[in-house]
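See structure below.
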Amino acid sequence: AAARDQVQVAGSSTVLPYASIVAEAFGENFDFPTPVVESGGSSAGLKKFCQGVGEEQSDIANSSRKIRDAEIEACAANGVTDIIEVRIGYDGIVFASQLDGPAYTSFTQADIFNALAPKVVVNGELVDNPYTKWNEFNPDLPDAEILAFIPGTKHGTREVFEEKVIAVGCEATGALEAMIAGGMSEDDAEDACLAVRADGRSVDIDGDYTETLASIDANANAIGVFGLAFYENNTDKLKVATMAGVEPSTETISSGEYPVSRPLYFYVKKAHIGVIPGLKEYTEFFISDEIAGPDGPLAEYGLVSDPELAATQAMVANEETMQ
Amino acid sequence: MKDNMEGRKLVDQMDVKFQTRDVQVYYGDTHAIKDVNVDILDKTVTAFIGPSGCGKSTFLRSLNRMNDTIPIARVEGKILLDGEDIYDPKVDPVQLRAKVGMVFQKPNPFPKSIYDNIAYGPRIHGLARNKAELDDIVEHSLRRGALWDEVKDRLQEPGTGLSGGQQQRLCIARAVATEPEVLLMDEPCSALDPIATAQVEELIDELKQNFSVVIVTHSMQQAARVSQKTAFFHLGNLVEYGDTDQIFTNPVDPRTESYITGRIG
Amino acid sequence: MKDNMEGRKLVDQMDVKFQTRDVQVYYGDTHAIKDVNVDILDKTVTAFIGPSGCGKSTFLRSLNRMNDTIPIARVEGKILLDGEDIYDPKVDPVQLRAKVGMVFQKPNPFPKSIYDNIAYGPRIHGLARNKAELDDIVEHSLRRGALWDEVKDRLQEPGTGLSGGQQQRLCIARAVATEPEVLLMDEPCSALDPIATAQVEELIDELKQNFSVVIVTHSMQQAARVSQKTAFFHLGNLVEYGDTDQIFTNPVDPRTESYITGRIG
Amino acid sequence: MSPLWLLILILVLAIAGFAIGRTRAMASVDDHRKLHSRPNYYGTNVAMLAFAPAALLLAVWVVAQPIVINASVSHLIPETSYEDAGALNLIMSDVKRVAEGLDVAVAQGALSAEEARSIRTEFTDVRARLGEVGVALGANVDRDVLRAAQAYRARAATGTWFMTAAVLIVALAGFFFAIREARGDFRARNRVENGILTLLITAASIAILTTLGIVLSLLFNTIEFFRLYPALDFFTRLEWAPSFSGRGGASALGILPLLWGTFYISIVALLVATPIGLFAAIYLSEYASKRVRAFAKPLLEVLAGIPTIVYGLFALLTVGPLLVSVFGNGGLLGVDWMGGGRAVMTAGITMGVMLIPFVSSLSDDIINAVPQAMRDGSYGLGATQSETVRQVVLPAALPGIVGAVLLAASRAIGETMIVVLGAGAAARMSLNPFEAMTTVTAKIVSQLTGDSDFASPEALVAFALGITLFVVTLGLNVLALYIVRKYREQYE
Amino acid sequence: MTDATHGTAEPAEPRRRKASLYASDAHTRRRNAAEKRFRAYGIAAIAIGLFFLLVLLVTIVRNGTPAFTQTFVTIEVALPADKLDKSGNRDIEEMKKVSTFGYAPLVDDALAEALAQAGIETPFANAKDLRQIVSASVAAQVRDAVLADPALVGTSHEFRLLAASRVDGYMKGRVTRESVARDKNISAEHLDIVDQMIAAGLVERRFNPGFVFGADASESRPESAGIGVSMLGSFFMMLVVLALALPIGVAASIYLEEFATQNRFTDLIEVNISNLAAVPSIVFGILGLAVFIQFAHLPSSAPIVGGLVLTLMTLPTIIISTRASLKAVPPSIREAALGVGASKMQTVFHHVLPLAMPGILTGTIIGLAQALGETAPLLLIGMVGFIASNAPASFADGFLAPNSAMPAQIYEWAKRADPAYYERAWGGIIILLVFLMVMNIIAIILRRRFERRW
Ligand SMILES: Nc1ncnc2c1ncn2[C@@H]1O[C@H](COP(=O)(O)OP(=O)(O)OP(=O)(O)O)[C@@H](O)[C@H]1O
Ligand SMILES: Nc1ncnc2c1ncn2[C@@H]1O[C@H](COP(=O)(O)OP(=O)(O)OP(=O)(O)O)[C@@H](O)[C@H]1O
Ligand SMILES: [Mg+2]
Ligand SMILES: [Mg+2]
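Residue numbers (the numbering used here), protein chains in the order written: chain P, 12 to 334; chain X, 2 to 266; chain A, 2 to 266; chain C, 117 to 608; chain G, 36 to 489.
Put into structure tokens, the structure is as follows:
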């Protein structure tokens, strides 16, 4: 078999747009061939990545979450030990509704929890969620039927949604306390907090944001969960909701004002650096200021650039691996 | 409508079943039947004889519009059944075929049980009110087809597993079961032994009491035995038609004579 | 190997073509042929007669192993062709069938042109060196099958578009074209008019100069005319086998007599 | 000689053999009619014997040689440098990579053949040299590895040499053997046909191999899954709710709601596709003019070629809202059965449309193949065309039609996109066909392409789902086979 | 109809005797009504099928046709030597050091210059703000042109540049002034400029060959994405599928239907095959990844692997349909051939197979259609994602070099955020369907030739 001459990347479909922008620019500006960026999910990408070291193995795994310990172990078992972790920036997670739909302007995490949790606190008591309209628990919200399209359990976004929205809301509304008071252990209660109602007002979307968008299109009152980049490309159809009064944007997210976001990563196999042509160059190019900086094409597309980019650049330059 | 009136006018004898006027049948460009005019009488057995390939089957099939199923076949002229033009657009070929039954030259049992083969016609025509009646019809028909004794123990076995002659009798029984007014039989005894042949001939005799039977046969003896009228076809033409006795003893056309005495084929 | 030796021992007369010993044929549980022992001679026409459904076709088909194609059929006993057991695993049924040709009871032309129907056998057996030779074979075979005059202008038309009798002759011509040593004919004249029948009988006569012919027929007259040996089957048993003259004039078994005189069927 | 060239060589030999065998057979008799088989069979026999065994040997050799050499070379690695078989394995893959790297380097001229044989880690940075030619190495090359790699190359070269010799010998042996056989009385046809039969059997066993492959590629991960997640829960739990937050066993991964959704949606799809497809087939083959048929049939087949994503969007944007406007709250019927556009019905109907050609086209061919004599027999009894079709033609065509419907059912079970977009992602066990449900297949895809930890039960469950679905459909197929056998009717 | 004109209601009489042929009795009328109903069902079935087809096709065509045209901006771009080739000796290696980031300002300036020449006022102080009018790919386009012909340096050259997707969307009516209000990628001022540029003939919408023949592009520049390369990927995969699935499928069917004696082993194969048809396609992807890539070490993302996986996936379809049509050939045909001394093999290949051909071809058509439109298994063998390879360099490369496939490309596009990709996805579907039709036409013609009744 002839030697492979292009960088092979696999993994998260959330990172894919950014990776493809970089790969394209890389192919245009370097003598190396354009890297191949496969999609298929963080899980599949990391699995491929951890399959082993060698020419037939992939060089980079894109991931919309941090690699897990179990995965690092699995990697090590296959001889993949030296891994460089590169954080490329943050992905903002926003709520948006139809352009002509009601305006959701004063959301808090508690509102979302009240709307979507199976059990909520009403008058200090934990009851089955009785709400059918938003203004039933928050008069500032529109008089509209509750219908939310949230990421399905396959998506990493769901985890962020659960932890940064639902869990926070659970605590804020006092539901967590009520559960513990009702005799649940703390762990169980935290678990129970994360559930969503199953009566059809909360709809899981296993597909992509385009599917959520199509669903929103068909339901005037509905709100959906999107990535910031996706929203910014579809302002002609979507109206974004504010969270705790803050409108999501690359600025508010990078400053931390807007609370719901998650870091995006890619992982590089150190053993391949220096042998796969262009690997190091691609890695450095990805996080260069020109690309990943606040004025680069990635930010333009919707990536919240990492304030600590310089540290990451230094780490890559030194090929520092995870311990 | 006009055709219809004309048709009715033509009926002068009450015992004429089929009248055909200038019938032509084409297969694509082949002219298989030419100018055939024949009156087939009721309560009579008519035999069609003639060398192989002369058009007997073709003509027979045009009497109950079975030629409709051959895309390239085309029938011209007029065929009247009881004075009504069977090619009239108003005529439902289904009803026609219920009246004019047919036994084909090649036995073609359905891939069903023997019982279902026979019961098929009565069922679709609603001839039986209940299962018992249907059983009766099946038994009666198989008996008439001289097959009952051979198959009475295996009525549920497939009809396709019968011997050639048995299949032929099955098809006869199947045709008889629907009680048609006219029965067209294309060489019904070709695969039968003399005894079975005799039984079928008996059946034909019995049928003619009430109905009209047309039979294609290659056996002069059989034609002479069972028919009252005989039509001799040659190369698509109806050469001679008349009383069987007369045809066999004193044919008018030299071709008929040659055929009967075994000189042309 | 042992079978084979034994087989050779059994050959005492040099002109025996087929020897069958205790042949049984079953269709599933049906015992269709029981204990048939018969010696079929070379350069002789043997007629199989018997009532419909008695097993003539079944036995005939077991002579060239056509029964192999019916999954439920099972043949037991020994059938020797020129002293060799044709059911021996070493025997290639294909070669056997090339030697022992067959005309089936129901005409079954290929859905191909008339020419290709005839030419198929010669082609696969490599009987013609070139197109001209093949043309010759086709013409010759069609002539022997008494069909040439009727189809010579339409050789490229499909064989399935022929009349019943024509199809039968086509199948005869097709079988003859491969020049088999033994020809098994299952009611070859059932759909033929007397003249065509006479021509086929002539062909049979001609064939017997060199080959062996076995013919199933329901016509006593035909059996008497063409055959030298006659076998009479009844309910799966070979009731009587002997010289045709003797069978027809002086049958030994009462059943044979009843059948020939038309009393049992 | 490289395997490819060797293959070409024996192919040439086979072609020559064909011509020679043919000629020889013809020359061996005075009249070619005396040949047992047609001359081409003799030629083919020679070609076959010259080619097939040699090619087979070549294939086996190409696969086996690395394994054998691997085993012999691994003895060169001192036992002190690894702890277990796994570690040795790793080292050996390094050896192979170095050996291949040296090959590449030689091929690219970065190293001379002599250098490749003799370089030493003490004097050369092998990793760097190989990196120059683009060969990925995991670590610096140590002395033993390089020595082993060099041995590996040497043995591989010897092996290739032997292979060339052996393959050529076998090819020539077959060639001459068959040439000698090419005589008039030889049963060439039987030999060739046996060869073809072998090919046919091989083709048929590919199905078995595929099955085996599927089972094996799912099995290990399935076992791993059941190590992490109790099998009893998986098979009996009525809830499907994978969780994300690393809460361990808190995920509910019961297959039953998924299986229920699979069958519900498939049945709706079949209820749509079978009657429409069957009636379309009947109309096309029995009633339609040649013209209409020639035009409508391929058009319907386009339905099978439209990418499923289009159907998915069609379900989501058109069928779903339409159904809601009929069955939903404030709909035409004034009932409130349907909450949202995503429902079993939505996906089922859309999938049914996609499956129409599976039923219609295949059935049409089968119905068309029923002999005309069957129809004639029925018409002759005064049956109408529809009676003929229903009672004679369809029963005769039944086995084929069942095959077509089964194929459609299979497709329905295996479909993802329409389910995800039409029926939703939520697993539910309900009888209401207007509720959202999901299928096993959809979940296999989503768990495989999701973001969860690949070593977690949430990701591994995809494999268990796959194998379970496999077993379930196997059972259904056995049942179908049994039923078809029972009702099979054969004409003529 | 007949019954209507002669509709004298006679009592239902089970045995019709001497009734006129012109008048049908009640029973016949009932049967004829059933007949008409039956026929109507047939017509209705076809009508339903064709109706859905029509709806789908109209949707596809309506959504997809805009993808075939694209908005272009035609301007002169000055290529100053001091920026592009500082050393001045036209050394390619040297010139390559200037990246697209270096070229981008040239295009900005050229735009400003062109506007000035056309007398269009811009509200922007900075030429860089004009960049949003043209595609992000233009810098690369100019750079490629310069590197291909270094003599251009120091001159001015006219380029036809792709307009940005927002501008294109404005031309196509997708982007409106209201929607632009909240869009950070373009502003109303840009649209004003574009309006004037149209008037000045600098901007035009024309057929876009790049869409049909080009390669994929990244998320940020939908205007330069094309389906051509993935079409080649599909083409090479279909070659593999056709070359393997058809012969193997037919061979397996022949064995099972004509030669195999019925025993446990053949039952096993039979059940296996129908079961394989029910295996979700993604599982074939798992198999392909394990067997072809990890075990056999074939390259990942390669059409050959995709072809092999799709072959395995298509086989059951072809086998099932082939077997059904072999079964439908009447036994008398086989007997006829065996009777003249044909071997079983000859019987099958000379008579049975040609008669079964229509069904085989139908299976092939449907199987290939399925294979051509399948995405899920490709996901696992690395053919879905951003694989912006160029057209394969050689025939062998077509099988081995990383490539995507049409359905994967469409699937990817459909997921992307920019609505311009949505239109391209539908456009891709049109091309996929055309590809499918072209592929099937031969089979359909062949099938018609083989069709006959006996
Ligand atoms: N395929 C079959 N399956 C089951 N039974 C069969 C099959 N073929 C023939 N039989 C039965 O075997 C017996 C002998 O049949 P065979 O066809 O040999 O009769 P035959 O003597 O040729 O009669 P005919 O003169 O009517 O052709 C009959 O009872 C028949 O029903
Ligand atoms: N389907 C067909 N297509 C074309 N020609 C046909 C078709 N059927 C019959 N013919 C031709 O029409 C002529 C008459 O055929 P027909 O079947 O009526 O003869 P027949 O008198 O019944 O002969 P037989 O006694 O042999 O059955 C023959 O020349 C025949 O070849
Ligand atoms: Mg006839
Ligand atoms: Mg018989």
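The beta-carbon is built from N, C-alpha and C at its ideal position, and this holds for glycine as well.
Source: prediction; values computed, not measured.
Under the DSSP definition of a beta bridge, which residues are partnered with E66/P?
Residue 66/P sits at position 55 when you count from the first residue of the first sequence. DSSP lists no partner for E66/P.
Between the CA atoms of K100/X and S59/G - distance to the nearest angstrom:
Working through the fifth sequence from its first residue, we reach residue 59/G at position 24. Working through the second sequence from its first residue, we reach residue 100/X at position 99. Cα to Cα, the separation comes out at about 12 angstroms.
So, for S600/C: in the same chain, excluding its five sequence neighbours on each side, which residues have a beta-carbon less than 6 angstroms away from its beta-carbon?
What you label residue 600/C is simply residue 484 of the fourth sequence in a count that begins at 1. Looking at the sequence itself, residue 600/C is Val, so the reference to Ser does not match. Cβ within range, chain order: P515 and V518.
Would you mind sorting I126/C into buried or exposed? The rule is 16 or more other CB atoms within 10 Å of its CB.
Sequence index remark: in the fourth sequence, residue 126/C carries index 10 (1-based). Burial call: buried.
Under the three-state DSSP convention, the category R9/X falls into:
As a first step, residue 9/X is located in the second sequence; it is residue number 8 there, counting from the start. Low confidence applies to R9/X: its pLDDT is 43, below 50, so where it sits in the model is not reliable enough to give any reading.
My assumption, with CB atoms under 8 angstroms, is that F43/P sits in contact with E295/P. Please give the rounded CB distance.
Reading the first sequence from its first residue, position 32 is the one you call residue 43/P. Reading the first sequence from its first residue, position 284 is the one you call residue 295/P. With a Cβ gap of about 12 angstroms, F43/P and E295/P do not count as contacting.
Going along chain P, which residues have a C-beta under 7 angstroms from Q563/C?
As a first step, residue 563/C is located in the fourth sequence; it is residue number 447 there, counting from the start. Using a Cβ-Cβ cut-off of 7 angstroms, Q563/C is close to K165 of chain P, given in chain order.
Ignore the nearest five residues each way along the sequence and tell me which others in A178/P's own chain have a CB closer than 6 angstroms to its CB.
Here residue 178/P corresponds to residue number 167 of the first sequence, with the count starting at 1. Sequence-distant Cβ neighbours of A178/P in its own chain, meaning closer than 6 angstroms and more than five residues away, are C204.
Which residues, taken in chain order from the stretch 354-380 of chain G, show a beta carbon closer than 8 angstroms to some beta carbon of chain A?
Taking a C-beta cut-off of 8 angstroms against chain A, the contacting residues of the stretch 354-380 of chain G are P366, S367, I368, R369, E370, A371, A372, L373, G374, V375, G376, A377, S378 and K379, listed in chain order.
What in chain G is Cβ-close to Q96/X, meaning under 7 angstroms?
The residue given as residue 96/X occupies position 95 in the second sequence. Those are L56, S59 and T63, listed as they occur along chain G.
May I have the straight-line CA-CA distance separating E156/G from E148/G, to the nearest angstrom?
Along the fifth sequence, one-based indexing puts residue 156/G at 121. Along the fifth sequence, one-based indexing puts residue 148/G at 113. A direct Cα-to-Cα measurement between E156/G and E148/G gives close to 11 angstroms.
Around ligand 4, which residues pass a check of Cβ closer than 6 angstroms to any of its heavy atoms?
Those residues, listed in chain order, are S164/X, G165/X, K57/A, S58/A, Q106/A and D187/A.
C-beta atoms of V383/G and I289/G nearer than 8 angstroms:
As a first step, residue 383/G is located in the fifth sequence; it is residue number 348 there, counting from the start. As a first step, residue 289/G is located in the fifth sequence; it is residue number 254 there, counting from the start. In this structure, V383/G lies near I289/G, with their beta-carbon atoms less than 8 angstroms apart.
Please determine whether the Cβ atom of I73/A lies at a distance below 7 angstroms from any heavy atom of ligand 1.
The sequence position of residue 73/A within the third sequence is 72, counting from 1. Taking 7 angstroms as the cut-off, one finds at least one heavy atom of ligand 1 near enough to the beta carbon of I73/A.
Would you tell me roughly how many angstroms separate the C-alpha atoms of G364/C and I355/G, rounded to the nearest one?
To locate residue 364/C, count along the fourth sequence from 1; it is residue 248. To locate residue 355/G, count along the fifth sequence from 1; it is residue 320. Legend: pLDDT at G364/C = 48, less than 50; position of this residue unreliable, value from coordinates given subsequently. One C-alpha to the other measures close to 44 angstroms.
Cβ closer than 9 angstroms: which chain A residues qualify as neighbours of L91/G?
Against the fifth sequence, residue 91/G aligns to sequence position 56. Result: empty, since nearest Cβ-Cβ is about 38 angstroms, beyond 9 angstroms.
Thinking C-beta only, is M333/P closer than 8 angstroms to E96/P?
Here the question's residue 96/P lines up with position 85 in the first sequence. Here the question's residue 333/P lines up with position 322 in the first sequence. Yes, these two residues count as a Cβ contact at 8 angstroms.
Starting from R483/G, trace the alpha helix (DSSP H) in both directions and tell me its first and last residue.
Here residue 483/G refers to the residue found at position 448 when the fifth sequence is read from its first residue. R483/G: member of the alpha helix (DSSP H) spanning P454 to F485, first to last residue.
Sequence-distant residues of its chain with Cβ nearer than 8 angstroms to V201/A (five each side left out):
Taking the third sequence and counting its residues from 1, the one referred to as residue 201/A is at position 200. Contacts found: G146, A147, R170, I173, P189, C190 and L193.
Suppose you measure from the CA of E301/P to the CA of D179/G; what does that come to, to the nearest Å?
Stepping through the first sequence from its first residue, residue 301/P is reached at position 290. Stepping through the fifth sequence from its first residue, residue 179/G is reached at position 144. Straight-line Cα distance between these residues: approximately 20 angstroms.
Output, in sequence order along the chain, the residues in the stretch 192-210 of chain X whose CB is closer than 9 angstroms to any CB in chain A.
Residues passing the 9 angstroms Cβ filter: A192, L193, D194, P195, I196, A197, T198, A199 and Q200.
Taking 7 angstroms as the cut-off, is the C-beta of C55/A nearer than that to any heavy atom in ligand 1?
Here residue 55/A is taken as the residue at index 54 of the third sequence, counted from 1. Yes, Cβ of C55/A sits closer than 7 angstroms to a heavy atom of ligand 1.
Looking at A192/A and ligand 1, is the gap between the Cβ and the nearest heavy atom below 7 angstroms?
As a working note, residue 192/A is residue 191 in the third sequence. False, no ligand heavy atom lies under 7 angstroms from that Cβ.
So for R458/C, helix, strand or coil by DSSP?
Residue 458/C sits at position 342 when you count from the first residue of the fourth sequence. In this structure, R458/C counts as coil in the three-state DSSP scheme.
Are the beta-carbon atoms belonging to G261/G and V247/G less than 8 angstroms from one another?
Here residue 261/G refers to the residue found at position 226 of the fifth sequence. Here residue 247/G refers to the residue found at position 212 of the fifth sequence. Contact flag set, yes.
C-alpha distance - A75/G paired with I483/C, whole-angstrom precision:
Position 40 of the fifth sequence, counted from the start, is the residue given in the question as residue 75/G. Position 367 of the fourth sequence, counted from the start, is the residue given in the question as residue 483/C. Distance between the alpha carbons of A75/G and I483/C is about 19 angstroms.
Cross-strand partners of I73/X (DSSP beta bridge):
Along the second sequence, read from residue 1 onward, the residue named residue 73/X stands at position 72. Residue pairing from DSSP leaves I73/X without any beta-bridge partner.
May I ask you to list the residues that DSSP assigns as paired with A113/G?
For this step, residue 113/G is matched to residue 78 along the fifth sequence. A113/G pairs with S191/G.
Specify, as a first and last residue, the run of the alpha helix (DSSP H) that M348/G falls within.
Translated into positions along the fifth sequence, residue 348/G becomes position 313. Segment P338 to K362, the alpha helix (DSSP H) holding M348/G.
How is the beta strand (DSSP E) around Q19/P delimited, first residue to last?
Against the first sequence, residue 19/P aligns to sequence position 8. Q19/P -> beta strand (DSSP E) spans Q19 to G22.
Does the beta-carbon of G263/G, which I'm using as the reference point, lie nearer than 7 angstroms to any heavy atom of ligand 1?
Counting from one through the fifth sequence, the residue named residue 263/G turns up at place 228. Taking non-hydrogen atoms of ligand 1 into account, the C-beta of G263/G is found less than 7 angstroms away from none of them.
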